[in-house]
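Every number in the working numbering is 32 more than the matching position in the sequence shown, counting from 1.
Ideal placement from N, C-alpha and C gives every residue a C-beta, glycine not left out.
Please read these numbers as outputs of a predicted model, since none were measured by experiment.
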Amino acid sequence: MQKRTFLKFGGILAAGAFVGPTTACSAAKTSTALPTLYSKRLAPFELPPLPYSTDALEPNIDKMTMEIHHDKHHGAYVKNLNEAVKGTRFMDMDVRDIMAGLNATDPASIRNNGGGHFNHTMFWETLSPKGGGTPTGDLASAINAAFGSYDTFKTQFSTAAKGVFGSGWAWLSVGKDKKLFISSTPNQDNPLMANLVKLLGTPIMGLDVWEHAYYLKYQNKRADYITAFYNVVDWDKVNQRLAMGMK
Ligand code: MN3
Numbered sequence: 033m034q035k036r037t038f039l040k041f042g043g044i045l046a047a048g049a050f051v052g053p054t055t056a057c058s059a060a061k062t063s064t065a066l067p068t069l070y071s072k073r074l075a076p077f078e079l080p081p082l083p084y085s086t087d088a089l090e091p092n093i094d095k096m097t098m099e100i101h102h103d104k105h106h107g108a109y110v111k112n113l114n115e116a117v118k119g120t121r122f123m124d125m126d127v128r129d130i131m132a133g134l135n136a137t138d139p140a141s142i143r144n145n146g147g148g149h150f151n152h153t154m155f156w157e158t159l160s161p162k163g164g165g166t167p168t169g170d171l172a173s174a175i176n177a178a179f180g181s182y183d184t185f186k187t188q189f190s191t192a193a194k195g196v197f198g199s200g201w202a203w204l205s206v207g208k209d210k211k212l213f214i215s216s217t218p219n220q221d222n223p224l225m226a227n228l229v230k231l232l233g234t235p236i237m238g239l240d241v242w243e244h245a246y247y248l249k250y251q252n253k254r255a256d257y258i259t260a261f262y263n264v265v266d267w268d269k270v271n272q273r274l275a276m277g278m279k
């Protein structure tokens with residue numbers, strides 16, 4: 033059942049790719065219509081441009097961190113993923129299906145760089161200089177239903193983010209029961225990795241707690257970075273993902 037949910041979700045996004053604006057040179061492969069959870073459906077993958085300037089999230093996330101994090105870290109995941117999928121069964125799969133299809137015996141380079149590409153693409157789109165405030169609409173209702181209140185959700189999400197030992201991510205996802213849940217994963221794993229993670233779901237928000245995401249500004253104070261994150265979350269974008277994840 034879980035796998036079917038993912039395929040359905042992937043299909044919705046894929047359909048969007050063909051009705052959105054296209055470029056002359058790569059019409060069938062470019063996805064721009066929906067909140068893109070990836071920049072391109074099939075390899076070769078591309079580094080999606082940031083949807084705002086690198087200093088737009090100041091003072092919450094600093095310019096230099098954004099430059100290095102996006103251009104160098106995410107850039108390397110994309111480059112390495114393109115190398116890693118060559119000649120494998122993942123060559124003709126979009127990154128979402130790669131996540132769902134990965135097994136523990138598959139090359140770690142696909143798991144790490146594929147996760148890195150998916151997770152960061154989602155992360156950049158979750159952030160916005162116009163972000164902050166509190167969730168509204170269906171997202172507010174879903175958070176209240178799952179956690180009791182926004183404040184309780186925020187506390188639990190922050191605790192999950194603080195509790196990641198070493199490098200990893202905190203997630204808000206839609207579970208197979210269509211209820212929201214919070215989880216964390218090590219490294220570049222995410223809740224789409226059906227054969228690799230315990231808590232499986234469709235992520236609608238992720239918070240990167242690798243040191244490269246905050247160390248230049250916050251050093252060892254991860255908790256301060258987590259606090260600042262809420263000032264730049266684009267809840268409308270999370271709401272849009274919720275709508276897709278609930279289908
Ligand atoms: Mn990162």
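Once you ignore the five residues that flank residue i on each side, which residues in its own chain have a CB closer than 8 Å to its CB?
i: P167; result: I175, Y182, W267, V270 and N271
i: G163; result: N263, V264, V265, D266 and W267
i: K210; result: M278
Nearest CA to the CA of residue i: which residue from the options?
i: K230; options: D240, S205, I142 and E90; result: S205
i: A193; options: N144, N219 and T120; result: N219
i: L224; options: D129, T158 and T191; result: D129
i: S160; options: G195, F261, S190 and G169; result: F261
i: W156; options: G195, N145, H101 and G147; result: H101
i: G146; options: M154, M131 and T158; result: M131
i: T187; options: K208, A177 and I214; result: I214
Less than 7 Å separating the Cβ of residue i from some heavy atom of the ligand MN3?
i: D94; result: no
i: H152; result: yes
i: D240; result: yes
i: A245; result: yes
i: H101; result: yes
i: H149; result: no
Taking only the alpha-carbon atoms, compute the straight-line gap between residue i and residue j and give it to the nearest angstrom.
i: H106; j: H152; result: 7 Å
i: S85; j: Y246; result: 17 Å
i: A275; j: L212; result: 12 Å
i: T64; j: P80; result: Any answer about T64 is weak, because its pLDDT of 35 lies below 50 and its placement is not dependable; what the coordinates show is given next. Those two C-alpha atoms are separated by around 10 Å.
i: T234; j: K249; result: 31 Å
i: G119; j: N135; result: 17 Å
i: K111; j: E78; result: 8 Å
i: D126; j: E115; result: 15 Å
i: A108; j: N144; result: 11 Å
i: T217; j: L232; result: 11 Å
i: C57; j: S173; result: Note that C57 scores 36 on pLDDT, short of 50, meaning its location in the model is unreliable and no value can be drawn from it.
i: D221; j: G195; result: 16 Å
i: K104; j: F150; result: 15 Å
i: G165; j: A226; result: 33 Å
I'd like the list of long-range same chain contacts for residue i, defined as Cβ closer than 6 Å, with 5 residues on each side in sequence excluded.
i: K40; result: With a pLDDT of only 38 at K40, under 50, the local geometry of the prediction cannot be trusted, and no value is derived from it.
i: I93; result: none
i: F179; result: F185
i: K35; result: Because the pLDDT at K35 is just 41, under 50, the model does not fix this residue reliably, and the value given afterwards should be weighed accordingly. Cβ within range, chain order: n/a, list empty.
i: I258; result: S190 and A193
i: L82; result: H102 and W156
i: A46; result: In this prediction, A46 has a pLDDT of 36, which is less than 50 and means its spatial position is unreliable; what the coordinates show is noted afterwards. Cβ within range, chain order: n/a, list empty.
i: M96; result: L248
Within its chain, find whatever has a CB closer than 7 Å to the CB of residue i; leave out the 5 residues flanking it on each side and keep chain order.
i: A75; result: N114, V117 and M123
i: E99; result: T86
i: L171; result: W267, V270, N271 and L274
i: A88; result: P161
Pairs of beta-carbons, one from the region 232–250 and one from the region 196–203, closer than 8 Å: are there three or more? yes
Under 8 Å: do the region 250–266 and the region 135–144 share three or more Cβ pairs, one atom per stretch? no
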